[in-house]
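> I'd like to ask some things about the structure below.
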Amino acid sequence: MTIAQSLLALQDTDQALALRRREYREIEAELASEGGIPELRENCEKTRKLELEAKVETARLESDMATLKEQVNELETRLYGGSITNVRELTAIETEHAGARRNLAKVEESIAPAEVAVEHARKKYEDLTKELAEREKSWKDRKVELRKRMATQGAAFNEMLEARNVEAAQIPEEDLARYNRLFRSNRGVAVVKVDRGVCQGCHVRLPVGELTRLRASDGPIPCSYCRALLTEQ
Numbered sequence: 004m005t006i007a008q009s010l011l012a013l014q015d016t017d018q019a020l021a022l023r024r025r026e027y028r029e030i031e032a033e034l035a036s037e038g039g040i041p042e043l044r045e046n047c048e049k050t051r052k053l054e055l056e057a058k059v060e061t062a063r064l065e066s067d068m069a070t071l072k073e074q075v076n077e078l079e080t081r082l083y084g085g086s087i088t089n090v091r092e093l094t095a096i097e098t099e100h101a102g103a104r105r106n107l108a109k110v111e112e113s114i115a116p117a118e119v120a121v122e123h124a125r126k127k128y129e130d131l132t133k134e135l136a137e138r139e140k141s142w143k144d145r146k147v148e149l150r151k152r153m154a155t156q157g158a159a160f161n162e163m164l165e166a167r168n169v170e171a172a173q174i175p176e177e178d179l180a181r182y183n184r185l186f187r188s189n190r191g192v193a194v195v196k197v198d199r200g201v202c203q204g205c206h207v208r209l210p211v212g213e214l215t216r217l218r219a220s221d222g223p224i225p226c227s228y229c230r231a232l233l234t235e236q
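In my numbering, each residue carries its 1-based index in the sequence shown increased by 3.
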């Protein structure tokens, strides 16, 4: 096996390691997120507070309505009871009565939307609470499964990493250093095959002289176009 072919095999191992590392981190992230349960709990609490606030607002409106009705009734009794003989006093009471009626109308109009807001918040809180209970129940099993997968992935990664280090130890340091630089800078692709004279990295046909050098060399030859290390099929 040439050095270039050894590097190609190492690249396969490194790509598999990168995949396992990504899967491991995805599991870590899901475990850290706790299946979105903290956010759901927070939403439940916010909705509970909204429901409480809506109930308080509805109660305030109902209290205001009762007070205003009492005020309107009292003013109407004074207006139509026949006890007022002073025009100025009558005008003042009429003005106060009109204002009280307007305020009462506004409060009465506001009560229905407030009651709807209470019901909407109550239903939303009920749904979120149900979803939270289901999520917490399913998360228990999911967490156990994820921890098992995490342990399996970690063991497989460590085993593969040991094998990778053995492979890398067989490659000259200079070639390995060049490979590592390319692998990191080129998104996990440092070595590419040449198929019928065409570089499979940049898909450009290589000059005849470059192909001749490749066949005669044991070490890696960089593509003159994409700079990837070349190896024959």
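The beta carbon of each residue, even a glycine, is placed where N, CA and C say it ideally should be.
Please work out which residues of its chain come closer than 8 Å, Cβ to Cβ, to His-100, disregarding the five sequence neighbours upstream and downstream, and give them in chain order.
Answer for His-100: Val-75, Leu-78, Glu-79, Leu-82, listed in chain order.
> Residues in its own chain within less than 8 Å of Pro-223 by CB, not counting five upstream and five downstream?
For Pro-223, where only same-chain residues beyond five positions count, the Cβ hits under 8 Å are Ile-6, Ala-7, Leu-10, Asp-178, Arg-181, Tyr-182, Val-194, Leu-232, Leu-233, Thr-234.
> On the DSSP letters alone, give me the boundaries of the alpha helix (DSSP H) that Leu-13 sits inside.
Element bounds for Leu-13: 6–36.
> Look at the alpha carbon of Lys-126 and the alpha carbon of Ala-12, and state the distance between them as a whole number of angstroms.
Distance between the alpha carbons of Lys-126 and Ala-12: 59 Å.
> Closest to Ala-158 by CA distance: which of Met-4, Leu-20, Gln-14 is it?
Comparing Cα-Cα distances from Ala-158 to each of Met-4, Leu-20, Gln-14, the minimum goes to Leu-20.
> Taking the runs of the alpha helix (DSSP H) that are 4 residues or longer, which of them lie wholly in the stretch 70–153?
As far as the stretch 70–153 is concerned, it has no whole alpha helix (DSSP H) run of at least 4 residues.
> In the DSSP assignment, what residue or residues form a beta bridge with Cys-205?
According to DSSP, Cys-205 bridges with nothing at all.
> For a quick check, are the C-beta atoms of Leu-22 and Leu-149 less than 9 Å apart?
No, these two residues do not count as a Cβ contact at 9 Å.
> Apart from the five residues on each side of it in sequence, which residues of its chain come closer than 7 Å, Cβ to Cβ, to Trp-142?
Answer for Trp-142: Glu-37, Gly-38, Ile-40, listed in chain order.
> Less than 6 Å between C-beta atoms, sequence neighbours within five positions excluded: which residues of the same chain meet that for Ala-57?
Cβ within range, chain order: Ala-120, Val-121, Ala-124.
> Taking only the alpha-carbon atoms, compute the straight-line gap between Thr-50 and Glu-162 and give it to the nearest angstrom.
Cα-Cα distance, rounded: 49 Å.
> So, under 8 Å CB-CB, Ser-113 and Leu-64 are touching, yes? Tell me the CB distance rounded to an integer number of Å.
So it is a contact: roughly 6 Å between Cβ atoms.
> Compare the beta carbon distance of Leu-131 and Leu-55 with 9 Å and say whether it is the shorter of the two.
Against a cut-off of 9 Å, the Cβ pair of Leu-55 and Leu-131 comes out as no contact.
> Compute the beta-carbon to beta-carbon distance between Val-192 and Gly-200, rounded to the nearest angstrom, for a pair I have assumed lies under 8 Å.
Not quite, the Cβ-Cβ distance comes to about 20 Å (not below 8 Å), so this is no contact.
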